[in-house]
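A short write-up of the structure that comes next.
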Amino acid sequence: MKPFQKAVLWGLIGAVVIAPLLAAASSPLLAWRDPVYIASGFAGILAMALLVLQPLLAGGLLPGVSLAKSRAVHRWAGTLLVLMVVLHVGGLWVTSPPDVVDALLYRSPTPFSAWGVIAMWCIFAAGLVAVLRRRLRWRPKTWQKIHSTLALGVVIGGAAHAFLIEGTMEPVTKAILCVAAVVVTLKAIRDLRIWSGRAIANPNTRTGSVR
Numbered sequence: 002m003k004p005f006q007k008a009v010l011w012g013l014i015g016a017v018v019i020a021p022l023l024a025a026a027s028s029p030l031l032a033w034r035d036p037v038y039i040a041s042g043f044a045g046i047l048a049m050a051l052l053v054l055q056p057l058l059a060g061g062l063l064p065g066v067s068l069a070k071s072r073a074v075h076r077w078a079g080t081l082l083v084l085m086v087v088l089h090v091g092g093l094w095v096t097s098p099p100d101v102v103d104a105l106l107y108r109s110p111t112p113f114s115a116w117g118v119i120a121m122w123c124i125f126a127a128g129l130v131a132v133l134r135r136r137l138r139w140r141p142k143t144w145q146k147i148h149s150t151l152a153l154g155v156v157i158g159g160a161a162h163a164f165l166i167e168g169t170m171e172p173v174t175k176a177i178l179c180v181a182a183v184v185v186t187l188k189a190i191r192d193l194r195i196w197s198g199r200a201i202a203n204p205n206t207r208t209g210s211v212r
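Per the numbering used here, the very first residue in the sequence shown carries number 2; after that it's consecutive.
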């Protein structure tokens with residue numbers, strides 16, 4: 002890939018990830034929010050941004066970044082993603098415990114709450130499966146299918162959760178972020194051939210197995 006193409010791709014990725022944060026930071030609604038609530042909200046936005054980067058890292062799709070480095074960063078980004086979700090839910094608990102309880106029990110009147118809880122449990126499950134990968138002693142293909150299924154649940158649930166909320170996030174940049182997360186996740190799953198044939202390490206070389 003030529004340097005100009007790499008620069009363009011990095012620019013697009015940066016715009017998709019950073020624009021929603023900048024737009025939310027300039028929202029007039031922040032003036033009426035508690036600091037803990039604001040921090041919780043931005044933790045959620047950062048989590049959505051990571052959902053765009055995670056499949057790109059897992060599939061070695063970031064321009065100019067080796068697959069080995071991508072996978073290493075993918076693991077650290079996964080830890081950060083779990084932390085952002087904990088901060089997001091924890092902040093909401095501090096500001097309004099009854100709302101969090103209703104959401105966890107799936108009795109909240111707001112549809113986005115249920116999607117958020119689904120995404121949360123999928124994130125925790127995906128993280129647990131990743132941590133226990135060696136102890137579980139599953140076949141690599143089995144582990145890949147389970148992990149990718151949970152990851153897809155995280156992305157779909159998280160995207161639906163964010164998309165349905167009418168708050169500090171600007172609608173257009175939010176929609177682009179949500180769609181991008183779903184698209185790149187499906188692309189990574191397809192390119193790695195997780196659900197068809199033998200999984201591969203690098204979608205560009207089409208050889209090797211995922212480790």
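Each residue gets a CB set at the ideal place from its N, CA and C atoms; glycine is no exception.
How is residue i classed by DSSP in three states: helix, strand or coil?
i: R136; result: helix
i: M85; result: helix
i: R191; result: helix
i: V66; result: coil
i: T174; result: helix
Applying the 10 Å Cβ sphere with the 16-neighbour rule, what's the burial state of residue i?
i: I19; result: exposed
i: F43; result: buried
i: S197; result: exposed
i: L178; result: buried
i: G60; result: buried
i: P56; result: buried
i: V53; result: buried
i: A104; result: buried
i: S27; result: exposed
i: V86; result: buried
i: L82; result: buried
Is any heavy atom in the ligand GDP found nearer than 8 Å to the beta carbon of residue i?
i: A16; result: Annotation note on the ligand GDP: not contained in the displayed structure, which lists no ligands.
Throw me the rounded Cβ distance for the residue i and residue j pair, which I believe falls under 8 Å.
i: V102; j: I124; result: About 19 Å separates the two Cβ atoms, so there is no contact after all.
i: A25; j: T169; result: 5 Å
Taking 8 Å as the threshold, find out whether the stretch 6-26 comes into contact with the stretch 72-90 through three or more Cβ pairs.
no
Per the contact definition of three or more C-beta pairs closer than 8 Å, is the stretch 155-164 in contact with the stretch 116-123?
yes
Just checking, does the stretch 137-147 make contact with the stretch 45-61 on the three C-beta pairs under 8 Å criterion?
no
Looking at C-beta atoms only, is the number of pairs between the stretch 143-151 and the stretch 108-116 that lie closer than 8 Å three or more?
no
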